[in-house]
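As numbered in UniProt numbering, residues 1 to 112 make up the sequence shown, in order.
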Amino acid sequence: MSDKRKNARVPLDIYLNKYMSGVPYMVHASDISQEGVSLGRLIEPEHSARKVGLQFQLPGSEEVIYAEGEVVREWVEASPSPRERSGVRFTLLTSRHRKMIDEYVSRGTRGH
């Protein structure tokens, strides 16, 4: 399988709020890049929403990042137990929050 990603991804093990139709649902992030984040579904209902809001804190930061994004990919992770995942591409970030994500990703890629 080819990897179409243009940007490096770094591990991210946090829970965050994913807003769909204004309602927050807790999801688990497994990695992040400058362009987006990979999320694991926990308790959210079945939905077809492509546009979502995100609210999260990067490890080591007290500041809450608010972002808007678009679900660009969905899949089921097979092991060890089936889990629904989605890839969300950032569509709206403040320049401050974009810089925070860029710096976090840069630190993570230097460490690997």
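Note that the Cβ used here is the ideal one computed from N, Cα and C, for glycine as well.
Here His47 carries a coil assignment [DSSP, helix/strand/coil]. Separation of Asn17 and Asp102 (C-alpha to C-alpha, rounded to the nearest whole angstrom) is 20 Å.
In this structure, the CA atom of Glu62 is about 20 Å from the CA atom of Ser33. In the three-state reduction of the DSSP assignment, Thr91 falls in the strand class.
Comparing alpha carbon positions, the residue from Pro82, Gly69, His47 and Pro45 closest to Phe56 is Gly69.
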